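Peer 1: Protein sequence lines correspond, in order, to chains A and B.
So the first sequence is numbered by numbering that gives the first Met the number 0: it starts at 0 and just counts up by one.
So the second sequence is numbered by numbering that gives the first Met the number 0: it starts at 0 and just counts up by one.
Every residue gets a Cβ at the ideal spot worked out from N, C-alpha and C, and that includes glycine.
Model, not experiment: these values are computed from the prediction.
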Amino acid sequence: MSQSATKIRTRRRRAFTRKDIFTLSLFLGVPTFLHLFWVWIPALATIGLSFTYWNGVHLSDIKWAGLANYNTVFTASPQFYDALLNNAYWLLWFTFIATPLGVLLAYQVDRAIRGHKVYESVYYIPVVLSLAIIGIIWRFMLGPAGLVQVLLGNPGIEDAIPIFGNYSINTYVILSIASWRHIGYIMLLYLAGLKSVDASLREAAVIDGATEWQTFRKIVLPAMAPVNTIIIVITVIESLRAFDLIYILYGTSTGWPILGMLVFVNIYGQAASMLGAAYAVILFLLSIIPIVFYLRTVFKEDIK
Amino acid sequence: MSNEVKENGVSRRTVLKGAAIGGAGLLGGGTLLSSCGSDEASGPVKFTARTNNETGLKIAQALADAYKAETGIDVTMQGSGDTNAFQDGISQYLQGTPDDAFQWMAGFRTNFRADQGLLVDLSENIANLGDQMPAGFVSGATNPSDGKQYIIPTTWYPWGLHYRKSTMKEIGLDPEGLYNLDDFMKLLEGTKKKGLIGYALGDKGGWEAMGTFSILNVRLNGYKYHIDLLNGRAKWTDQKTIDVFNQFAAMIPYMNDNVLDISWEGMRDLLLQKKCGAILMGSWWANDFKAKSQEDYDDLWIVPFPEINPEFARDTIDAPVDGVCAAANSGNPAGGAAFAEWCGSEAGMLAAQAAGDTSLYANSRLDSSGYDAFNKQKLAVIGEAKNVMNFLDRDCRNDFAGPIVGVQIQNFLKNPKDINKICEETQAAWDALPPLA
């Protein structure tokens, strides 16, 4: 017994040859280094900078500001609360409309309803475009003298219906445009997950007389737990990091403010100041807290 | 608090007027023509034109070609792409590997970057230009913090009411004689009755409507109040400021519905397509009218914004100066400086003019008697004013102009009933600004 145990131990130790250790440290070390260097060091630097006054040119001009930047953000920014609200709309819209629609589509496509191949392609096409390109497409379509305006019978600039500058509808328009891509993305992810669900499970459910909805809730959804986690995390991240679409539609005039845009304008623009860093830290906290919390609960269940 | 933009001690106005109107007369004999700058300037030059517009790029390419023909030095011209993006990224651009020379704007935007050491000192080049460069432009290009110049002024233009003579004739109105607010409101009413937009405005870019705000402020409260307001010496919560927004709101019924959906290009196109009565803007896009057809260009006219408060009459105008800067971190800063200087010389301006540039030039050798009717009118419009402004976003701190004033004017256009709240927030935002580094 003890002999064989030692044998195993020695074998295990031998399993890591010098070459293995080299390969492993290369494969683990390089990504870790890159990750620290490109993600965590800048992130920590940003947190530090958010407590300073600096215009981003000469390091010698930097001054300690304490909490002044945060104070400005919370009490004297004309756009912070609007931006927070818009990010919240984005998150709610994605969580309750876009993501469930993607899941529904995936489920229908997976059931091989008639013409599912066509639907799959149609919904997937926007995913190959970046949100920036999508912004350009929709700006052309909906903007003054755009296709949609012409079809609505307003070909001139003078009678173009205000859309992106119309604050009673632009939130819905923007979120619909963003969903156009998000739905396809979620559909694809979910479809991949559904393909891996053992077909016999569903057959068994059908034989036991479960309804479609029961099968989905009791069989498919639990079997898809890992995919669900990914989808929830993606939905939260996509909603909070939103930037490119808005930049294309409004430029830096922040006509429809979101946090990502405020970070950019205040840290990069002509008005560079560390107010942008403070916005970035707020955005960072907003993104990381729900994700860490969610991942913790999920992994806890896995460990059990 | 040091968060004030230092202003020039010299009044731009007196000198500018003399230079612009009697420019040709100032020509003294015997000055050596210094066509090219410093001796060490050699090697190919890279030049960024601050435009993505076809006409603008054509003019910039013509400058590059003419410089090559005159000096044998290769100039590679490239457009800046989206100009708002270029302006936003300027500090980063200048810290990276910028082109040697680039088109830029005089005022705070230049002076701030000069203070950071990102621009080449062009004082020597200005001196080389000698009497070609009118004193008013030299003072306009001077950085108040060190008395040096970092930009070679090339062109300038007035912000006035632009309209098409034919459109006005068709509807039987004549803005030429328009003097005060009553005349103006009648004009707006008249154009609206004919089914046109009275006062076309776009503010998608977040800066276009600053022109309207500024002119209303100087008409109602005078030049000094406006500059004080932009630099924190007057309050946004003051009734005087609120009155400016109220006056602005009174004009909204005569505007297009999609102000926040169109940019300055949309405003220009509305005028070009005869869809509106008047627009308030700088005349830089007159080039595009000319590029369309000579007929369209001849139809274009400009008058000063009307008087509102007789105390200040029409004594102030926005007339920003554009020019060429050289980047300190570029591969060939000396070459960039020499090219910038050449752009400000008579030869450079003649080259731009030949390529279809209709701007007013900042050079006294250029005979203003050769100007066309529209340019003479532009000079007359500027000539009537006693105070010359650089435009709102060049007259105050960049971290106040764009992210605060520009945003608040958009917020006002979104909801014109919110004036009091907007003014309070703007004042709070000014008060929270850090000292200007």
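Using beta-carbon positions only, say whether ALA384/B and PRO319/B come within less than 9 Å of one another.
Peer 2: No, Cβ-Cβ distance for ALA384/B and PRO319/B is not below 9 Å.
Peer 1: Cβ closer than 8 Å: which chain B residues qualify as neighbours of SER272/A?
Peer 2: Chain B residues near SER272/A: ASP398 and PRO433.
Peer 1: Let's see if you can read the secondary structure: which residues bound the beta strand (DSSP E) around VAL302/B?
Peer 2: Counting along the chain, the beta strand (DSSP E) containing VAL302/B begins and ends at 299-302.
Peer 1: With burial defined as no fewer than 16 other Cβ atoms inside 10 Å of the residue's Cβ, what is the status of GLY29/B: buried or exposed?
Peer 2: Residue placement at GLY29/B is flagged as unreliable, the pLDDT there being 34, under the threshold of 50; the coordinate-derived value follows with that caveat. Exposed is the call here.
Peer 1: Just checking my contact of LEU200/B with MET104/B at CB under 8 Å: how many whole Å lie between their CB atoms?
Peer 2: No, LEU200/B and MET104/B are not in contact; Cβ-Cβ is about 22 Å, not under 8 Å.
Peer 1: Out of ASP60/A, TYR246/A, GLY47/A and ILE20/A, point me to the one whose CA is closest to ARG116/B's CA.
Peer 2: One point to set straight first is that residue 116/B is Gly, not Arg, in the sequence displayed. Comparing Cα positions, the closest option is ASP60/A.
Peer 1: Indicate the three-state DSSP secondary structure (helix, strand or coil) for TYR370/B in the structure shown.
Peer 2: Coil at TYR370/B, not helix or strand.
Peer 1: Would a C-beta distance cut-off of 9 Å place GLY210/B and ASP317/B closer than the cut-off?
Peer 2: Yes; because the gap between Cβ atoms is below 9 Å, this pair is in contact.
Peer 1: Counting only Cβ-Cβ distances shorter than 8 Å, please list the residues of the stretch 67-81 of chain A near chain B, keeping chain order.
Peer 2: For the stretch 67-81 of chain A, which is checked against every Cβ of chain B, the residues closer than 8 Å are ALA67, ASN70, THR71, THR74, ALA75, SER76, PRO77 and GLN78.
Peer 1: So, with DSSP's three-state summary, where would you put HIS34/A?
Peer 2: It is helical.
Peer 1: Given that a residue counts as buried once 16 or more other Cβ atoms are within 10 Å of its Cβ, and exposed if not, what is PHE411/B?
Peer 2: Buried, by the Cβ-count rule.
Peer 1: Does ASN86/A have its Cβ less than 9 Å from a Cβ in chain B?
Peer 2: No, ASN86/A does not count as interfacial toward chain B.
Peer 1: Express the C-alpha separation of ALA14/A and PHE21/A in angstroms, rounding to a whole number.
Peer 2: Near 13 Å, if we compare the C-alpha coordinates of ALA14/A and PHE21/A.
Peer 1: Which residues in the same chain have their Cβ closer than 7 Å to the Cβ of VAL137/B, if we skip the five residues on either side of it in sequence?
Peer 2: Result list for VAL137/B: ILE125 and GLN148, in chain order.
Peer 1: When the Cα atoms are used, what is the spatial distance from ASN386/B to TYR171/A?
Peer 2: Straight-line Cα distance between these residues: approximately 46 Å.
Peer 1: Whose CA, out of ARG110/A, VAL56/A, ALA42/A and ILE176/A, lies closest to the CA of ILE135/A?
Peer 2: For the residues ARG110/A, VAL56/A, ALA42/A and ILE176/A, the minimum Cα distance to ILE135/A belongs to ILE176/A.
Peer 1: Write down the C-beta distance between LEU104/A and MET186/A rounded to the nearest angstrom, noting that I regard them as a contact closer than 8 Å.
Peer 2: About 4 Å separates the two Cβ atoms, so the contact holds.
Peer 1: Give me the Cβ distance between ILE247/A and ALA82/A, rounded to the nearest whole Å; I'm assuming they're in contact under 8 Å.
Peer 2: No, ILE247/A and ALA82/A are not in contact; Cβ-Cβ is about 17 Å, not under 8 Å.
Peer 1: Once DSSP output is grouped into helix, strand and coil, what is the label at LEU117/B?
Peer 2: In the structure shown, LEU117/B sits in coil (DSSP, three-state: anything other than H, G, I, E or B).
Peer 1: In terms of alpha-carbon separation, which member of PHE79/A, PHE26/A, ALA75/A and HIS57/A lies closest to LEU282/A?
Peer 2: Selected option, being the one with the closest Cα: PHE79/A.
Peer 1: Using a Cβ cut-off of 7 Å, which residues of the stretch 250-280 of chain A contact any Cβ in chain B, in chain order?
Peer 2: For the stretch 250-280 of chain A, which is checked against every Cβ of chain B, the residues closer than 7 Å are GLY250, THR251, SER252, THR253, GLY254, VAL264, ASN265, TYR267, GLY268, GLN269, ALA270, ALA271 and SER272.
Peer 1: For the candidate residues TYR156/B, VAL119/B, THR82/B and ILE151/B, whose alpha-carbon lies nearest to that of ASN389/B?
Peer 2: Here the closest residue by C-alpha is TYR156/B.
Peer 1: Taking Cβ-Cβ distances shorter than 8 Å, what residues in chain A pair up with ALA427/B?
Peer 2: By Cβ distance, chain A contributes THR74 and ALA75.
Peer 1: Can you give me the Cβ contacts of GLY27/B inside the same chain, cut-off strictly under 7 Å, excluding the 5 residues immediately before and after it?
Peer 2: Unreliable positioning characterises GLY27/B in this predicted model, as indicated by a pLDDT of 34, which lies under 50. The coordinate reading is nonetheless provided below. If we look at GLY27/B and ignore the five residues flanking it on each side, its Cβ neighbours are ASP130.
Peer 1: Please confirm if ILE170/B has its CB atom under 9 Å from at least one CB of chain A.
Peer 2: Output row for ILE170/B: interface = no.
Peer 1: According to DSSP, is ARG295/A part of a helix, a strand, or is it coil?
Peer 2: Three-state DSSP puts ARG295/A in a helix.
Peer 1: What residue does the beta strand (DSSP E) around TYR450/B start on, and which one ends it?
Peer 2: There is simply no residue 450/B to check, as chain B begins at 0 and stops at 436 in what is shown.
Peer 1: The alpha helix (DSSP H) spanning VAL258/B covers which residue range?
Peer 2: Where VAL258/B is concerned, there is no enclosing alpha helix (DSSP H), given that its DSSP letter is neither H nor E.
Peer 1: For chain B, check one thing: does any of its Cβ atoms lie closer than 9 Å to the Cβ of ALA64/A?
Peer 2: It does: the Cβ of ALA64/A has a partner Cβ on chain B nearer than 9 Å.
Peer 1: Does the stretch 188-198 of chain B touch the stretch 269-287 of chain B, meaning 3 or more C-beta pairs lie closer than 8 Å?
Peer 2: A contact exists between the stretch 269-287 of chain B and the stretch 188-198 of chain B.
Peer 1: Among all the DSSP beta bridges, which residues are the ones paired with PRO152/B?
Peer 2: BP columns for PRO152/B point to GLY322/B.
Peer 1: Taking the CB atoms as reference points, tell me whether THR166/B and ALA140/B lie closer together than 9 Å.
Peer 2: No, the Cβ-Cβ distance between THR166/B and ALA140/B is not below 9 Å.
Peer 1: Considering only the beta carbon of each residue, do ALA59/B and GLN102/B sit closer than 9 Å?
Peer 2: Yes, these two residues count as a Cβ contact at 9 Å.
Peer 1: For GLY176/B, which residues from the same chain have a beta carbon less than 8 Å from its beta carbon, with the 5 sequence-adjacent residues on both sides left out?
Peer 2: The residues are ASP182.
Peer 1: Which chain B residues are close to PHE139/A, counting only those with a beta carbon under 7 Å from its beta carbon?
Peer 2: Per Cβ cutoff of 7 Å: no residues; PHE139/A is ~13 Å from chain B at best.
Peer 1: Return helix, strand or coil for CYS395/B, following the three-state DSSP convention.
Peer 2: Coil, per DSSP.
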